[in-house]
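For the sequence shown, my numbering begins at 57 and goes up steadily by one.
Glycine residues also receive a C-beta, built at the ideal position from the N, C-alpha and C atoms.
These figures come from a predicted structure and were not determined experimentally.
Inspection log for the structure reproduced underneath, given as structure tokens.
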Amino acid sequence: MTYIVPVISGKGGVGKSTIAVNLSIALAKQGRRVALIDSDFYGPSIPTLLGGGQVLPDSDGKLIPLEKNGLKYISIGFFLSSPDEPVIWRGPMFNKALSQMFNDVKWGDAEYFIVDMPPGTGDAQLSLAQHFQLSGAIVVTTPQELALVDVRKAINMMKKVNVPILGIVENMSAFIAPDGSRHEIFGSGGGQKLSEIFDVPLLTSIPIDPEIRVSGDRGEAIAASELGSGRVFHELARKVVEILAQKLEKASALKISN
């Protein structure tokens, strides 16, 4: 069984790419066969978060993805002449590039395709939903109302194109000071509020943690270890696997009953 899981957000700056990368690494470290596709063509972050490299074709002409900690990954950022080069594409070019990332890359027998989506509701989200059978989306938000307004639009778009929501990840939920005190810099309860409104699970709340940022800036995903701050991503990965397995079991039961 192959699962395609887009990681979406209503707006930029909520840590969507960080969540996508660390979820992917955690799944791979737990023995899953995982492919990570950076489809945020207008602002690719994967080359920074995982480190860059040269993507070359094999003898059959298929591209060989980069690999780290057991995770195979690819990004449009690997094909730009400079990290500062903008990608100025219309919808059809995006559709073609997205299709090539799925079909023209040597992914092998990947079980889980995690897709880091651009923020918002546009051509990227529509194209992915129309051309691929999506298993369900993971929604990333921060607690404040400004982020919630936009993420509600993203969730409603997924519902309109019949993509189920696997759950919500509330990022930057609070800052835990060295003395153990909790500071809710961006407010509180936003993820739980969304969970209740849309009747979907709140998968996890991730605190503001300098170690997560520092590891990402170094190109070393913190989820490479299950210790310390990496633990929350491994717990998230286990929940995602469990939810997808339950969905598959439910779908199989419906087929049998029919």
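Whole-angstrom distance between residue j and residue i, CA atom to CA atom
i	j	result
Thr-260	Leu-112	37 Å
Val-256	Asp-114	42 Å
Lys-295	Leu-119	31 Å
Pro-100	Phe-134	9 Å
His-290	Glu-282	6 Å
Ile-34	Pro-220	Outside the displayed range of the chain (57 to 314) lies residue 34, so it cannot be described from this structure.
Phe-242	Val-288	20 Å
Gly-87	Tyr-59	15 Å
Met-57	Leu-250	30 Å
Gly-164	Gly-236	45 Å
Val-63	Pro-234	31 Å
Glu-141	Gln-302	43 Å
Leu-136	Val-270	25 Å
Arg-238	Glu-201	20 Å
Glu-252	Glu-276	34 Å
Rounded distance between the beta-carbons of residue j and residue i, thought under 8 Å
i	j	result
Ala-203	Lys-67	6 Å
Lys-72	Ala-280	That pair is no contact at about 19 Å.
Nearest candidate by alpha-carbon position, reference residue i, set the options
i	options	result
Val-161	Ser-131, Gln-186, Leu-182	Ser-131
Ile-194	Gln-302, Glu-305, Ala-293	Ala-293
Asp-116	Gly-99, Arg-89, Asn-159, His-187	Asn-159
Ile-224	Thr-74, Pro-234, Phe-150, Val-196	Val-196
Asp-172	Leu-79, Ala-301, Glu-267	Leu-79
Leu-184	Met-213, Ile-170, Asn-151	Asn-151
Tyr-129	Pro-234, Gln-181, Gly-107	Gly-107
Asp-94	Glu-240, Leu-105, Glu-226, Asn-218	Leu-105
Ala-76	Glu-252, Asn-212, Met-157, Val-61	Val-61
Gly-69	Phe-169, Pro-174, Ala-233, Ala-180	Pro-174
Leu-154	Val-217, Gln-186, Gly-71	Gln-186
Gln-189	Val-217, Gly-178, Ile-211	Val-217
Asn-125	Ile-102, Ile-81, Ala-307, Glu-252	Ile-81
Gln-181	Lys-215, Ala-301, Ser-237, Gly-164	Lys-215
Lys-306	Ser-191, Glu-201, Met-157, Asp-265	Ser-191
Leu-274	Leu-92, Val-63, Pro-103	Checking the displayed sequence, the identity of residue 274 turns out to be Arg instead of Leu. Among Leu-92, Val-63, Pro-103, the Cα nearest to that of Arg-274 belongs to Pro-103.
Asp-265	Ile-232, Arg-238, Glu-240	Ile-232
Met-157	Leu-136, Lys-209, Leu-92, Gln-302	Leu-92
C-beta atoms of residue i and residue j nearer than 7 Å
i	j	result
Val-90	Leu-127	yes
Ile-268	Ser-285	yes
Leu-258	Gly-246	no
Met-213	Thr-177	yes
Ile-262	Asn-227	yes
Leu-83	Tyr-168	yes
Neighbourhood of residue i by C-beta distance below 6 Å, restricted to the same chain and skipping five residues each side
i	result
Val-143	Phe-97, Tyr-98
Thr-74	Gly-272
Val-297	none
Gly-109	Leu-122
Glu-240	Ala-230
8 Å CB neighbourhood of residue i in its chain, flanking five on each side removed
i	result
Ser-244	Pro-199, Ser-229, Ala-230
Val-205	Gly-66
Interface flag, residue i vs chain C, CB-CB below 7 Å
i	result
Val-219	Reference to chain C is not applicable here, since this structure consists of a single protein chain.
Neighbourhood of residue i by C-beta, 7 Å cutoff - its chain only, sequence neighbours within 5 removed
i	result
Ile-211	Val-195, Ile-221, Phe-254
Val-207	Ser-65, Gly-66, Val-195, Thr-197, Leu-250
Lys-209	Gly-66, Thr-177
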